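Chemist:
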Amino acid sequence: MKRLLFVLGAVLAAMLLALLWQVENPEWKEYQRAFLATGIAQGQDDAAREWYGEQPIGIREIRVDALRRVDRCTTCHLGVEDPNFADVSEPFRAHSPPLTGHPPDKFGCTICHNGRGRAVTTLAAHGDSEETPLRLWRGVYLQAACFGCHNETTLPEESVAAVLAGKKAINQLRCLRCHQIRGQGESEGPDLNGVGSRRDWVQIFAHLLNPQAMSPGSTMPNFPLTRPQAEAITVYLLTLRGQEREVYDARYRVDRVETTSAVKDDGWKMRGGAWNVKRSTSEGTMIEYDGQALFNDLGCVYCHRAGTKGGAVGPALTRISRVRDVEWLRRFLQNPAAVFPDGTMPQLYLNPAQVDALAGYLTTLR
Ligand code: HEC
Ligand code: HEC
Ligand code: HEC
Ligand code: HEC
Ligand code: HEC
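Per the numbering used here, residue 25 is the first one in the sequence shown, and the count goes up by one each step.
See the structure below:
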């Protein structure tokens, strides 16, 4: 009996220690130590090395009262304004395009990127969670953010081209027969104001492709949308934010066109639908993704069935590894449009680490 108690006690103590270690060494601390070590290793002179050596470890927070935001993204994204980190992998890389026109202390990050500002783990901060509409806006979806303060008169049209195309499609397809947008339209379906805050963009995209699959018994017609149309409408709907996420502060609205030369010269210009931005690689990334968890968290599960769970907007993937090998899956997940040009699976802007983890998981489905 005594012996058993002793063993039990030892096991409990070990568990407690493990828990303590986790509390004392959260993910963000590891990033901060790695960032400072890189800074010291790369520092050009003693003063620079000393500077990195003296930086405290701690949660970084940007409070922007005017935008009602508290963003802790820079707890991990430590190099966004540091030119020494132009060629380092995420989360340390200097921001490209540059943030000089939108300095972090006045803008924070979530006003453009969405995400959960207060969170300090990668998955929570990036809003990759099934229940929450806070998924990061990336690539073309960032246009919805720009449009909140600028519009087509203060930015070159190509910078908000998807928003404009989405607006046009909504008129052509006469969505206002059933929906209200900004006080106009009918009420057979829900008011679309605020839909950009109520739903994450993958959910909206999925709903447009197949309303009945997302909402059984829905009377919304199944429009035969192409991928670019569904994408554009989704981007436009994201500009319809809820009360609490609107940009009210007039100081943040841009009314005049002074930006043209800046847009031409720096990375803000859209090229062929993509930002002229340095892409991150998974090299040196410390995070290890779990493919099965990602399948849920990234929203694949809204559209696809895997095992017993999932939606029916896209094909069931329950036995996908019998027909597709890992190389094919990688290629497809990186860029669905390159493999199925006429398909409707959205570009999800997955990074290489996510692609690998998902492809690995899908090959276990047989
Ligand atoms: C706990 C650390 C952490 C926090 C907090 C964090 N990030 Fe990240 N972020 C990362 C890491 C790590 C990567 C690189 C992931 C990868 O490549 O696997 C990354 C990548 C990104 C990317 C590139 C997307 C990609 O997957 O390549 C964007 C955009 C981004 N973060 C935005 C944000 C925003 C906005 C916030 C705040 C709401 C935020 N991050 C908070 C760790 C963090
Ligand atoms: C004015 C809008 C804006 C603000 C504010 C902003 N970003 Fe960005 N960010 C962008 C755009 C646009 C891109 C290019 C995105 C793309 O091509 O996918 C980008 C790219 C990134 C990337 C690289 C993602 C990739 O695609 O590889 C990271 C990481 C990132 N931002 C983090 C941050 C963090 C952290 C903050 C806050 C300090 C921030 N951003 C503030 C607009 C913004
Ligand atoms: C919260 C409001 C807000 C958002 C969101 C926003 N901007 Fe701005 N932007 C501003 C303000 C304010 C200025 C400064 C205008 C001035 O100096 O007169 C500015 C300046 C600029 C400039 C000129 C300075 C520079 O950085 O070169 C460009 C270009 C620009 N924004 C593009 C964008 C793009 C593209 C997006 C979306 C990714 C975006 N902005 C999102 C408010 C915003
Ligand atoms: C014949 C009527 C009808 C038309 C036309 C219609 N919808 Fe709907 N829509 C509905 C109904 C009813 C619902 C609620 C049931 C559901 O979720 O599908 C709905 C739901 C939605 C939702 C989900 C809203 C939420 O809060 O979850 C979105 C987004 C949407 N519609 C967008 C559109 C767009 C964009 C168009 C035009 C391309 C359109 N709808 C055309 C009837 C319609
Ligand atoms: C908005 C709905 C939607 C989302 C979200 C989505 N898919 Fe798809 N997916 C589709 C559609 C539709 C197809 C059919 C091919 C096409 O039209 O592009 C497809 C096809 C596929 C295929 C190829 C099946 C085959 O053998 O032809 C794979 C694999 C796949 N998706 C994996 C994923 C993964 C992994 C994710 C999450 C990272 C995901 N999908 C997210 C709609 C979606």
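Just so you know, even glycine gets a beta-carbon here, dropped at the ideal spot from N, CA and C.
The structure presented is a predicted model; accordingly, all values stated were derived computationally and were not measured.
1. Tell me the rounded alpha-carbon separation between L60 and L179.
2. Buried or exposed, going by whether 16 or more other CB atoms sit within 10 Å of the CB of A377?
3. In terms of residue numbering, what span does the alpha helix (DSSP H) encompassing R57 cover?
4. Would you grab the beta carbon distance between C202 and A169 for me? Rounded to a whole angstrom, and I think it's under 8 Å.
5. According to DSSP, simplified to helix, strand and coil, what is Q204?
6. If you reduce the DSSP assignment to three classes, tell me which class I83 lands in.
7. Name the residue from E74, A189 and S120 whose alpha carbon lies nearest to the alpha carbon of G63.
8. Just the C-alpha distance for P214 and Q204, rounded to the nearest angstrom, thanks.
9. Could you give the first and the last residue of the continuous beta strand (DSSP E) run that contains V94?
10. Can you determine whether any heavy atom of ligand 5 sits closer than 6 Å to the C-beta of M244, and answer yes or no?
11. Which residues mark the beginning and the end of the alpha helix (DSSP H) in which P376 is found?
12. Taking the beta carbon of P370 as the centre, do at least 16 other beta carbons fall within 10 Å, making it buried, or is it exposed?
13. So does C100 have its beta carbon nearer than 6 Å to some heavy atom of ligand 1?
14. Using a Cβ-based criterion (distance less than 6 Å to any ligand heavy atom), does G125 qualify as near ligand 6?
15. Out of R346, L44, P365 and L43, which one is the CA nearest neighbour of R390?
16. Check whether the Cβ of F109 lies closer than 6 Å to any heavy atom of ligand 5, and answer yes or no.
17. Beta-carbon within less than 6 Å of G141's beta-carbon, same chain only, minus the 5 sequence neighbours each way: which residues are those?
18. Beta-carbon within less than 8 Å of Q66's beta-carbon, same chain only, minus the 5 sequence neighbours each way: which residues are those?
19. Note down, in chain order, each residue of its chain lying with its Cβ closer than 6 Å to the Cβ of Y276, except the 5 sequence neighbours on either side.
20. In terms of alpha-carbon separation, which member of V219, S113, A237 and G266 lies closest to N375?
21. Please determine whether the Cβ atom of L166 lies at a distance below 6 Å from any heavy atom of ligand 3.
22. Using a threshold of 7 Å, state whether the C-beta atoms of Y260 and G207 are closer than that.
23. At what residues does the alpha helix (DSSP H) containing L389 begin and finish?
24. Evaluate G139 with the Cβ neighbour count: other Cβ atoms within 10 Å of its Cβ, from every protein chain shown; 16 or more gives buried, anything less gives exposed.
25. May I ask you to check if the CB of F131 is nearer than 6 Å to at least one heavy atom of ligand 2?
26. What are the boundary residues of the alpha helix (DSSP H) that includes D70?
27. My output table needs one value for V278: the three-state DSSP class, helix, strand or coil.
28. Short check: CB of L264 to CB of L249, under 7 Å?
29. In whole angstroms, what separates the C-alpha of A256 from that of A186?
30. Can you tell which of D106, V47 and F131 has its C-alpha closest to the C-alpha of V144?
31. Can you tell me whether C327 sits near ligand 2, meaning its C-beta is under 6 Å from at least one heavy atom of the ligand?
32. Specify the secondary structure class of A340 as computed by DSSP and reduced to three states.
33. Which value, in whole angstroms, describes the spacing of the CA atoms of L197 and P245?
34. Going by the C-beta, is A37 closer than 6 Å to any heavy atom of ligand 1?
35. In the DSSP output, what is A90 paired with across the bridge?
Modeler: A quick look at the data gives this:
1. Taking the sequence shown and counting its residues from 1, one reaches residue 60 at position 36. Taking the sequence shown and counting its residues from 1, one reaches residue 179 at position 155. Straight-line measurement puts the Cα of L179 at about 37 Å from the Cα of L60.
2. Within the sequence shown, residue 377 is the residue found at index 353, counting from 1. By the neighbour-count rule (16 or more Cβ atoms within 10 Å), A377 is buried.
3. The sequence position of residue 57 within the sequence shown is 33, counting from 1. For R57, the uninterrupted alpha helix (DSSP H) segment begins and ends at E51 to Q66.
4. As a working note, residue 202 is residue 178 in the sequence shown. As a working note, residue 169 is residue 145 in the sequence shown. Not confirmed; about 27 Å, so no contact.
5. Counted from its first residue, the sequence shown places residue 204 at position 180. Strand at Q204.
6. Start at 1 with the first residue of the sequence shown, and residue 83 comes out as number 59. I83 falls in the coil class under three-state DSSP.
7. Within the sequence shown, the letter at position 39 stands for residue 63. Out of E74, A189 and S120, E74 has the C-alpha closest to the C-alpha of G63.
8. Along the sequence shown, read from residue 1 onward, the residue named residue 214 stands at position 190. Along the sequence shown, read from residue 1 onward, the residue named residue 204 stands at position 180. Going by the C-alpha atoms only, they are around 7 Å apart.
9. For this step, residue 94 is matched to residue 70 along the sequence shown. Residues R93 to D95.
10. Numbered from its first residue, the sequence shown carries residue 244 at position 220. Incorrect: M244 has no Cβ contact closer than 6 Å to ligand 5.
11. Position 352 of the sequence shown, counted from the first residue, corresponds to residue 376. Where P376 is concerned, the enclosing alpha helix (DSSP H) stretches over P376 to L386.
12. Here residue 370 refers to the residue found at position 346 when the sequence shown is read from its first residue. P370 comes out buried.
13. Here the question's residue 100 lines up with position 76 in the sequence shown. Here the distance from the Cβ of C100 to the nearest heavy atom of ligand 1 is below 6 Å.
14. Among the ligands present in this structure, namely ligand 1, ligand 2, ligand 3, ligand 4 and ligand 5, ligand 6 is not found.
15. Taking the first residue of the sequence shown as position 1, residue 390 is located at position 366. The residue with the shortest Cα to Cα distance from R390 is R346.
16. What you label residue 109 is simply residue 85 of the sequence shown in a count that begins at 1. No, the Cβ of F109 stays beyond 6 Å of every heavy atom of ligand 5.
17. Counting from 1 along the sequence shown, the entry for residue 141 is found at position 117. The answer, listed in chain order, is R93, V94, D95 and T134.
18. Residue 66 sits at position 42 when you count from the first residue of the sequence shown. Cβ within range, chain order: N108.
19. Residue 276 sits at position 252 when you count from the first residue of the sequence shown. Cβ neighbours of Y276 beyond the five flanking positions: C173.
20. Translated into positions along the sequence shown, residue 375 becomes position 351. Out of V219, S113, A237 and G266, S113 has the C-alpha closest to the C-alpha of N375.
21. For the purposes of this step, residue 166 is taken as residue 142 along the sequence shown, with counting starting at 1. Shortest gap from the CB of L166 to any heavy atom of ligand 3: under 6 Å.
22. One-based indexing of the sequence shown puts residue 260 at position 236. One-based indexing of the sequence shown puts residue 207 at position 183. For Y260 and G207, no; Cβs fall outside 7 Å.
23. Position 365 of the sequence shown holds residue 389. Careful: L389 lies outside any alpha helix (DSSP H) and carries neither H nor E.
24. Start at 1 with the first residue of the sequence shown, and residue 139 comes out as number 115. It counts as buried.
25. Residue mapping note: residue 131 aligns to position 107 of the sequence shown, counting from 1. Look at F131: its beta carbon is less than 6 Å from one of the heavy atoms in ligand 2.
26. Taking the sequence shown and counting its residues from 1, one reaches residue 70 at position 46. From DSSP, the alpha helix (DSSP H) with D70 extends over D70 to E78.
27. Working through the sequence shown from its first residue, we reach residue 278 at position 254. In the structure shown, V278 sits in coil (DSSP, three-state: anything other than H, G, I, E or B).
28. Taking the first residue of the sequence shown as 1, we reach residue 264 at position 240. Taking the first residue of the sequence shown as 1, we reach residue 249 at position 225. For L264 and L249, no; Cβs fall outside 7 Å.
29. Translated into positions along the sequence shown, residue 256 becomes position 232. Translated into positions along the sequence shown, residue 186 becomes position 162. Taking the straight line joining both Cα atoms gives about 5 Å.
30. As a first step, residue 144 is located in the sequence shown; it is residue number 120 there, counting from the start. That would be V47, whose Cα lies nearest to the Cα of V144.
31. The residue labelled residue 327 in the question sits at position 303 within the sequence shown. No, the beta carbon of C327 sits no closer than 6 Å to any heavy atom of ligand 2.
32. Locating residue 340 in the sequence shown gives position 316, counting from the first residue. Three-state result, A340: coil.
33. Counting from 1 along the sequence shown, the entry for residue 197 is found at position 173. Counting from 1 along the sequence shown, the entry for residue 245 is found at position 221. Spanning the two alpha carbons is a distance of roughly 10 Å.
34. Counted from its first residue, the sequence shown places residue 37 at position 13. For A37, the distance from the CB to the nearest heavy atom of ligand 1 is not below 6 Å.
35. Within the sequence shown, the letter at position 66 stands for residue 90. None, per the DSSP bridge assignment.
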